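As given, the protein sequences belong to chains Z and E, one line each in that order.
Residues 138 to 545 in the numbering used here are what the first sequence lists, from first letter to last.
Residues 138 to 545 in the numbering used here are what the second sequence lists, from first letter to last.
Each residue gets a CB set at the ideal place from its N, CA and C atoms; glycine is no exception.
Every value quoted in this text rests on a predicted model; they were computed, and no experiment measured them.
Contents: one structure, followed by commentary.
There are 2 protein chains.
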Amino acid sequence: MAGAEIIAVGSELLTPAKIDTNSLWLTGQLNDLGVEVVRKSVVGDDRERLTAAIRGALECAEIVILCGGLGPTEDDLTRDAAASALGRELIFSQEICDTIEERFRRFNRKMVDINRRQAYLVTGANALPNDRGTAPGQWIEHQGKILILLPGPPEELKSMFAKQCLERFKRVLPPRVIRTREFRVAGMPESDLDQLIAPIYTRYTNPTTTILSSVGGIDVHLRAQCDTEQEAEALLDEVAGQIEPLLAPRIISRNGEPIEKVVGDLLRTRGARLSVAESATGGMLGEWITSIPNSSDYFVGGYLTYSDEMKTRLLGVPEELLKTHTAVSEPVARAMAEGARQRTGSDYALSVTGYAGPDGDDIGTMFIGLAGPDGTEVRRIKLPGDRNRIRALTVQNSLDFLRQRLNQ
Amino acid sequence: MAGAEIIAVGSELLTPAKIDTNSLWLTGQLNDLGVEVVRKSVVGDDRERLTAAIRGALECAEIVILCGGLGPTEDDLTRDAAASALGRELIFSQEICDTIEERFRRFNRKMVDINRRQAYLVTGANALPNDRGTAPGQWIEHQGKILILLPGPPEELKSMFAKQCLERFKRVLPPRVIRTREFRVAGMPESDLDQLIAPIYTRYTNPTTTILSSVGGIDVHLRAQCDTEQEAEALLDEVAGQIEPLLAPRIISRNGEPIEKVVGDLLRTRGARLSVAESATGGMLGEWITSIPNSSDYFVGGYLTYSDEMKTRLLGVPEELLKTHTAVSEPVARAMAEGARQRTGSDYALSVTGYAGPDGDDIGTMFIGLAGPDGTEVRRIKLPGDRNRIRALTVQNSLDFLRQRLNQ
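Encoded structure:
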């Protein structure tokens, strides 16, 4: 399997606010060709560091793609560094120089001298014409490896890759097929999930398995690379077929859909309407639900009852209950859910009350109430993390609570 | 000056949709310490490649920071690779293991066996306690260089860097004086802001000026690096003194505080209480407000009235008004704000109604109502972007509306 390394060149990409996005697009393109990206780097405009980075990359990867540093100025060093790393010379190409000059003429401008720098090619390189700018790219084959120099501006890079590189790759790369499977899981910690499925996925290097946790849930990705589609799907069937039964009740989607979309679709299908009564989450539950377009099909609204007084005033939670049990309690979560359901006239109502921190012994303790046509249930959970994480995990768990009820 | 290399570890970061954002935050922190980042890399969960990357980094940089790969699973290889790269052993720490076990106990869970993996330290490393998660970090000094292992989850990484690394760096790095100024601006597009202040900041290379736009507002950062504090402050005074008057009415804070914090402090100072009535934002306004600890000092709660029926039922918006003007109108925004203020008994109430999309000609049109002791005002705004961006900018504008009123 050929692995690729992408090196983005430019000191501005090493500042706190700049992101290299070319490598994301290139990764997609390379993956489609069956090539995995094994490393990405950003290197500044520094001849020695860049040369060292190219040498290191050629030792570890079959394909090395450099983006940027092909401009006409002093700090455009990619050509120089590539030549040094390969131990080759840079040679001037009159043909390329003429092309650049012609391009300037077309825009009614005169080529300035520094642009001649862009007409130098590494010995043995194929020039890659640039139909969006002046700097040509370069395709260099070296001891069975491929080194490609692409311009930094995204529209130049994309056009050049699509028009000049794709066909060349297809000629030199073995045909490969990549197929993926994905499960999104809610309501369990990452370490528990891993312990459950690691005994299976660690037995396979193909497909590869990635487990990625976020506030929206845990994603399990399987990715198979094979010569044919049949082979890839068969491998995925084999591994997914073992993993899926272990996770089944926790799987919320198989296509990356977030839980707020899954629950929304369930409500729509069942013709049911939902309301909420939020204390600790302060609106986050409603926000997640309404982040889905057309959520008005099933979400009517609800209450933010942040103070005790509002729990009584807006939801009718008895003052006695709040005094006896405190606002963070099973009976209050129950009364909040039932109050919201009754006062909005919705079919289901979710309530949340708890301690999101930042301080206190009970931080992370949450009560989630769910009132519905079949009665009311309350769950108590204890969540880790900071205020924002606790709130987000609470929302995830609330929606999963409703998902399970709707699926009963 | 010592240069740093940051290596983000994780195969998921080598896929087309994932970005390593930890390195951006770390770059800002290192820059503040006077350390330039000379290379950033992303390496997958591959023992040999990761070991080679660490070795290469230690050859080129004085400081090497690894982020991620400290979890408990098979593919968390950072500890192993760091030990190999340095030619050191990994040793088990019973003390760290006890700390991890204790953490699990606090969350009423039992530590599973794989978590023992997180209790291994590279020989000679200082363990960096993790107050947000299980994996400790490691600080390793090696032949005059520094290798640091940090956890991948951003909240864990940030907390650990701030609490464990900053002081250690200050002890080993030469003292440099860096002084910064920051303005956070709300309620104007980034391009307008840049056009306004670019004629000033482009004349200076020290301080450097960075403009960073997010859904919470636009941050203008000035950063001066000098030999003395006096020099740095004088440079900042010179540039900020020209920029500030141009932005004055739009500046919401000078210390990076988000608008929800600024407005919260204003409400607390004035002893005023706030409620909300949200339609298009579906809870996001309440969520932002309550993301601030102790927001219960001034936020009482409110209403999510996503459907027309709820606007009438929960807020008393007359059905006639909805029929005549539609829900997205000045009179309905007014009635929502007044309804929320009256029914909750709060001093101020903010209401939001509008079209967040994804479709329709009126997408981005929002009415924001503000009811208070001095009467009710409604603003109509038209916002660009997708559904999520429109909703977030609406919340930003709503809070800025209230900020201006409170400052009158």
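{"Asked": "Range of the contiguous beta strand (DSSP E) that encloses Arg360 of chain E", "Found": "Gly354 to Cys363"}
{"Asked": "9 Å Cβ cutoff met for Pro290 of chain E and Gly270 of chain E", "Found": "yes"}
{"Asked": "The stretch 244-264 of chain E contacting the stretch 274-289 of chain E, beta-carbon criterion three pairs below 8 Å", "Found": "yes"}
{"Asked": "Sequence ranges, alpha helix (DSSP H) only - wholly within the stretch 193-245 of chain E, length at least 4", "Found": "215-223 and 231-243"}
{"Asked": "CB contact check: Thr502 of chain E to chain Z, cutoff 9 Å", "Found": "no"}
{"Asked": "Val352 of chain E versus Arg216 of chain Z - alpha carbon distance", "Found": "39 Å"}
{"Asked": "Beta-carbon neighbours of Ser444 of chain E, restricted to chain Z and to distances below 7 Å", "Found": "Ser433, Val437 and Gly438"}
{"Asked": "Residue-level contact to chain E via CB, His358 of chain Z, 9 Å cutoff", "Found": "yes"}
{"Asked": "Cβ neighbours of Glu552 of chain E in the same chain (closer than 7 Å, five flanking residues each side left out)", "Found": "The question about residue 552 of chain E has no answer here: the residues shown for chain E are numbered 138 through 545."}
{"Asked": "Any C-beta of chain B under 9 Å from that of Ser428 of chain Z", "Found": "Absence of chain B from the displayed structure is noted, the protein chains being Z and E."}
{"Asked": "Asp213 of chain E beta carbon less than 9 Å from that of Ile550 of chain E", "Found": "Residue 550 of chain E falls outside the range modelled here, since chain E spans only 138 to 545, and no answer is possible."}
{"Asked": "Beta-carbon proximity of Leu451 of chain Z to Gly438 of chain E, cut-off 9 Å", "Found": "yes"}
{"Asked": "Limits of the beta strand (DSSP E) - the one that Ala323 of chain Z falls within", "Found": "That residue, Ala323 of chain Z, is in no beta strand (DSSP E); it is neither H nor E in DSSP."}
{"Asked": "Segment limits, alpha helix (DSSP H) that includes Ser296 of chain Z", "Found": "Pro291 to Met297"}
{"Asked": "Where Asn267 of chain Z meets chain E, residues with beta-carbon distance less than 8 Å", "Found": "What Asn267 of chain Z touches in chain E: nothing, since even the nearest Cβ is about 24 Å away."}
{"Asked": "Buried versus exposed, by CB contacts within 10 Å (16 or more), Val532 of chain E", "Found": "buried"}
{"Asked": "Residue span of the alpha helix (DSSP H) that contains Gln275 of chain Z, given as start and end", "Found": "No alpha helix (DSSP H) holds Gln275 of chain Z; the beta strand (DSSP E) holding it covers Gly274 to His279."}
{"Asked": "Per DSSP, cross-strand counterpart(s) of Tyr485 of chain Z", "Found": "Z:Leu411"}
{"Asked": "Cβ-based contacts, 7 Å cut-off: residues of the stretch 192-215 of chain Z near chain E", "Found": "Gly193 and Cys197"}
{"Asked": "Validate contact between the stretch 332-351 of chain Z and the stretch 393-412 of chain Z using beta carbons, cut 8 Å, 3 pairs", "Found": "no"}
{"Asked": "Amino acids of chain E, ordered along the chain, whose beta-carbon sits closer than 8 Å to that of Pro495 of chain Z", "Found": "Pro430"}
{"Asked": "Cβ pair Glu415 of chain E, Val489 of chain E closer than 9 Å", "Found": "yes"}
{"Asked": "Neighbourhood of Pro495 of chain Z by C-beta distance below 6 Å, restricted to the same chain and skipping five residues each side", "Found": "Arg524"}
{"Asked": "7 Å CB neighbourhood of Lys295 of chain Z in its chain, flanking five on each side removed", "Found": "Trp162"}
{"Asked": "Neighbourhood of Pro468 of chain Z by C-beta, 7 Å cutoff - its chain only, sequence neighbours within 5 removed", "Found": "Leu458 and His462"}
{"Asked": "Residue-level contact to chain E via CB, Ile415 of chain Z, 9 Å cutoff", "Found": "Inspection of the sequence shows that residue 415 of chain Z is occupied by Glu rather than by Ile. Output row for Glu415 of chain Z: interface = yes."}
{"Asked": "Identity of the residue in E:Arg542, E:Val172 and E:Ala145 nearest Thr152 of chain Z by Cα", "Found": "E:Val172"}
{"Asked": "Three-state secondary structure assigned by DSSP to Met138 of chain Z", "Found": "Bear in mind that a pLDDT of 43 at Met138 of chain Z, under 50, signals an unreliable position, so the number given afterwards is only what the model happens to contain. The answer is coil: DSSP assigns Met138 of chain Z none of H, G, I, E or B."}
{"Asked": "Counted within 10 angstroms of its Cβ, other Cβ atoms place Leu150 of chain E as buried (16 or more) or exposed", "Found": "buried"}
{"Asked": "Supposed close pair Ile527 of chain Z, Ala493 of chain Z - CB separation, criterion 8 Å", "Found": "5 Å"}
{"Asked": "Min CB distance Ile348 of chain Z to chain E below 9 Å", "Found": "yes"}
{"Asked": "Opposing strand residues paired with Leu349 of chain Z [DSSP bridges]", "Found": "Z:Asp356"}
{"Asked": "Environment of Glu475 of chain Z [buried if 16+ CB atoms lie within 10 Å]", "Found": "buried"}
{"Asked": "CB of Leu373 of chain E within 9 Å of CB of Arg318 of chain E, strictly", "Found": "yes"}
{"Asked": "Listed by chain order, chain E residues near Gln332 of chain Z by CB distance under 7 Å", "Found": "Val249 and Ile251"}
{"Asked": "Residues sharing a beta bridge with Val179 of chain Z, DSSP", "Found": "Z:Ala145 and E:Lys177"}
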